[in-house]
Structures are given as structure tokens and as C-alpha cells.
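K.L.:
Residue numbers (our numbering): 20 to 501. Yeah, the Cβ is synthetic: ideal placement off N, Cα and C, and Gly gets one too.
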RNA sequence: CGGGGCGUAGCGCAGUUUGGUAAGCGCGCUUGGUUCGGGACCAAGAGGUCGGAGGUUCAAAUCCUCUCGCCCCGACCA
């Protein structure tokens, strides 16, 4: 079992070259591949299966909290996009424009949606007349185009998939509650429980907030290379868009009022997070709840016993299929050892080995991807054991990631120490910030670390700004980010 | 978009300095056979015009120009 280190030669060392390791894992595990279109990747069946499972967990939560799915146009006329000034400004550099329809030049060019606030707001203004029309709670699963200069598989591509929720409410209070509900009840619950990724939640600074929002809440996840990835955002749009798009209703008190809005999104980027949070030298480790294959059955096929073993494998599959996503790898051309490595690289949580010896003793062998532990299990206990193990793996992945996160949050109060920690240890730094954008900018400039969020849990202690030394009552997390 | 690196068979690479029977290696792939409890072995095969375009030359993977893409580091973002 120790000599299998050599297998890893197919993927770069995670320790030595994290970026290359990431690309290797994504490609060798067949999650995605490059295409001949600049900045655009293809999500392969295995990766898309993962995305579908991720979608279903999140979609369920979105619906449970009262939202419905809809679909809005891909194209957004320039005039609409321009209505909210801060919003356009924020997205202008990365908008792809359609200027021709067939051979005819368009009167007005159209943006390929970089996000859908503009188009959706234009419709909300039609739909909302009375306080009885509110709230509007919609979500859509769509593709998005942002003309990025630098791309990385899943983390930043020209086209990507996401869900974006857009809601309109009567009161400021209600919109704020919605924003927080999405953050905690939907996103945090989903990311921690389904993806096994612990997050730090909080508010973005003015500098980092969404273009056009009142304020933005965020979920930040720590990757195992010490960099932080924004896992999702939930924006309180206030009345900025309502005013720009004229979304008004007649309230019970006979007054015409602007609605209060929110928007929120998560993307296929989360797939990258799963890779970078759970993966190891041997490849992917998928959380059981979203793994396209939860149990892979590898029959050990000796000539004389092949038939019986395959039959048994098939009957086991039939039993497990009722509760789990399970497949058999009965390919003749690969040896069991090859398959073990292959499926481990692809992150399948549990492997079930069945050979003549097992047949004779009425058992199978189960091997965990997370701990690489192997155990024999009696057939009659199989279903409950598999269930138990998958649950354990799910928990274990989260616990491990939590531990890593905790170990990599450091409280620092001295700027030179700050610089050293960011440079050498990476991870998150918890410290005080005076609230001044100049300090924020300078720190970013000098250390490449940005304020990831202002956590909700503000301790009662005051301190001094890490940069300027002025009194501060705001605790923040700094980190280098993807 | 700035700095650096790289594009030769599906993947990983050699060949480029010194243009000329070097289109070559390993893995993978195909066929047949033996195998199968942690990346099996034997035999026989298929496959590239050297990222693309243009140029220099008797002759270009090799020299020149332009161009496209990818990776890394920065600025921007989910």
C-alpha cells in the first residue's frame, strides 16, 4: 500500500505545484477539459453529474424557502444595462456585446448577460403594481458570460453556469431578512452540509461589494493552499435598482412606493472549491452527498470464478441501487489495482471489492476514499454499513476542512507580522480595521490580501487598525483570494 | 492588459543552438493470447507534417514576421 505513491506521477505534486495539481486533477478526473474556444471549458459528464447533484441540493433549499424558478433572456439591450449607473460601471469591462443579427447591424447592441439584474428588473417594473404583488421570489439556473482576461478551469471562465435569485419586497426590513435567509438557511446550509466546506460568513466592505448593491453578504471558504475562495454572495440591493427601473407599487396606505430588492448567486466555481478543499495527492475526494458515483463496485475476476463474481456484483448493485448511486466497473482490460487508483483519483467515496474469497465467506470488502481504510463486511450488513460509511465520510470531510480552517485563522495585531503571515503561512488573518478605504487599498497593494469579510460575530473588544493604528471597533478577515 | 514560460501522435517528452533520410521515445490506443485481491505480460499493428498563417531558402519542426491557445506571476472579477 505504500508503494502506490508512484501512481501519483500522473498528477503534479499538490505540495510543490498546487496550480498544476489542480488542473491535473480536474482534467484527469474528467470533470472538465479545455476547448478550442478561448476561456471556455467543457464540463464533462462526470463533472456535469456532480453539478447536477449540487444543483438538486441547492434547488431544493431555494424552493423550500419559497422561491420559484423562471427563465429570463440571455440578451440584455444596452439601454437596460445602463440604467443603474454603478452597476454598468462595475460590469462594463467584462461584457460581451452582440452587434449583428445575421448580416444586419443591430440598432442597439445587446449584452450577453453578465448577470441579470437589469433584464429582470425591467420585467419586475411591469409586474409590480400593488402591495399584493409582493414579494416576488424568483431564481434562475443559467449560463453567464464575462469576458475575463485570465481564465482557470471552474474558477474563472468566460462562460459559466450559476443560479441567480432575484427578489422584490415591500420593506427594507423584509429585503434584509431575505438576504440573510439566503446566506444562512440556503447557502451556508448547502455548502457546509452537502459540499462539506466550512465557510466564514459576513459582510463585504464597500470596496468589495456588488456593483449597485446597498451591501453584500458573502461566504468565504479556505482552500488547502491557503487562499480563500468566495463561495457565494447575497446582495441587499436596497432601492437602487427599483429607482433606476421604476419598480413601484401602491401600498395599503395609498402611497406609491419603490420596492426593496435582493439578488444572490452561486456558481460552478463551487466545483473548483470541492477540488481544492478536499482533494489530495491521489486526486479528488467527493463528498458523498454530491458524488456522481457513491459506491464503485470492482469485481475481482479470475478465470474460474469470473461468472459467479460478476453475478454477485450485479445482485449487490441491484440492492444498493435502491439507496445509493452505484456502478460496477467490470472492464476486462484493466486490473483491479488500476481500477482502484482510477476511482480514487475520481474521488468516489466508497469502493466495494468482491472476489472469490468474499463469495466463499459471504462478505465484501469496502474501502473508504477519505481514510483509505479497508474492511470486510458481511453481506447482510452491507446496506446499513454503506449508509453509515457514507455518512461518516461526509462528516469526516467537513470536520477535516473545519479543522484546517480553524488552524489557519490567525489573530494578528502587528502589520509586519501581518505581512509575514500572509506571505509565509497564508490562510486568514483576523484583525482590526478602522473602516477607511485608504487602509484597505494600501494593504491590498502591499500584501495582495483583501478584506474577505466583516464577520457577524463581532467580539466586544476594540483594537487598533492593523494599518494606520487608529482606534477600531471592526474585526475583519484578510486573505489572499482566488 | 503587463512580465515570464510553453505549444512536435490521445498524454508526457526528445529533436530546434549548428536548416539537409530524425518524425523519434515512453505511456496510452487497436488486434490476438495469457492475466486480474493496489496501475500485469507477450506478440503484431495503427497513429503526427511539428499550434496556425505568411516569408527566407535548392531545402524549414529548426531561421524571420504575424497570429492563436495554454500555464505561472501581477492588475480585474464569481
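Can you list, in chain order, the residues of its chain with a C-beta nearer than 6 Å to that of residue 355? Leave out the 5 residues immediately preceding and following it.
P.N.:
317 and 319
K.L.:
Alpha carbon to alpha carbon, how far is residue 377 from residue 363?
P.N.:
22 Å
K.L.:
Suppose contacts are defined by Cβ-Cβ distances below 8 Å. Is residue 53 in contact with residue 60 by that definition?
P.N.:
Contact check for residue 53 against residue 60 passes: the beta carbons are separated by less than 8 Å.
K.L.:
Leaving aside the five residues before and after residue 446 along the sequence, list all residues of the same chain whose C-beta is less than 6 Å from its C-beta, in chain order.
P.N.:
245 and 427
K.L.:
Is the beta carbon of residue 188 closer than 8 Å to that of residue 229?
P.N.:
Taking 8 Å as the cut-off, the beta carbon of residue 229 is found no closer than this to the beta carbon of residue 188.
K.L.:
Shortest alpha-carbon distance to residue 392 belongs to which of 260, 413 and 370?
P.N.:
370
K.L.:
Would you kindly check if the distance between the Cβ of residue 76 and the Cβ of residue 213 is under 8 Å?
P.N.:
yes
K.L.:
Measure the Cβ-Cβ separation of residue 248 and residue 501 and say whether it is below 8 Å.
P.N.:
yes
K.L.:
Compute the beta-carbon to beta-carbon distance between residue 133 and residue 103, rounded to the nearest angstrom, for a pair I have assumed lies under 8 Å.
P.N.:
Actually they do not touch by this definition, with Cβ atoms about 13 Å apart.
K.L.:
Does DSSP put residue 350 in a helix, a strand or coil?
P.N.:
coil
K.L.:
Need the endpoints of the beta strand (DSSP E) that residue 396 sits in, please.
P.N.:
393–397
K.L.:
Could you check the C-alpha separation between residue 22 and residue 46 for me, to the nearest Å?
P.N.:
Low confidence applies here, because residue 22 scores a pLDDT of 41, under 50, leaving its location unreliable; read the following figure in that light. Rounded to whole angstroms, residue 22 to residue 46 spans 24 Å at the Cα level.
K.L.:
Ordered along the chain, which non-local residues of its own chain (more than five positions away) have a Cβ less than 7 Å from that of residue 307?
P.N.:
313, 368, 409, 412 and 413
K.L.:
Residues in the same chain with beta-carbon distance under 6 Å from residue 275, minus the five sequence neighbours each way, listed in chain order, please.
P.N.:
267 and 269
K.L.:
Does DSSP put residue 472 in a helix, in a strand, or in coil?
P.N.:
strand
K.L.:
If contact is defined by three or more beta carbon pairs under 8 Å, each pair taking one atom from either stretch, is the stretch 172–179 in contact with the stretch 234–243?
P.N.:
no
K.L.:
In chain order, what residues of the same chain lie with their CB nearer than 6 Å to the CB of residue 72, ignoring the 5 residues before and after it?
P.N.:
309
K.L.:
So, at 6 Å on beta carbons, what are the nonlocal neighbours of residue 499 in its own chain, with the 5 sequence-adjacent residues on each side left out?
P.N.:
246, 467 and 468, listed in sequence order.
K.L.:
For the beta strand (DSSP E) containing residue 188, name the first residue and the last one.
P.N.:
178–188 is the extent of the beta strand (DSSP E) around residue 188.
K.L.:
Rank 417, 325, 340 and 394 by C-alpha distance to the C-alpha of residue 375 and give the top, closest one.
P.N.:
325
K.L.:
Is it true that the CB of residue 366 sits closer than 8 Å to the CB of residue 48?
P.N.:
yes
K.L.:
What does the alpha-carbon distance come out to for the pair residue 202 and residue 161?
P.N.:
When rounded, the distance between both Cα atoms is 20 Å.
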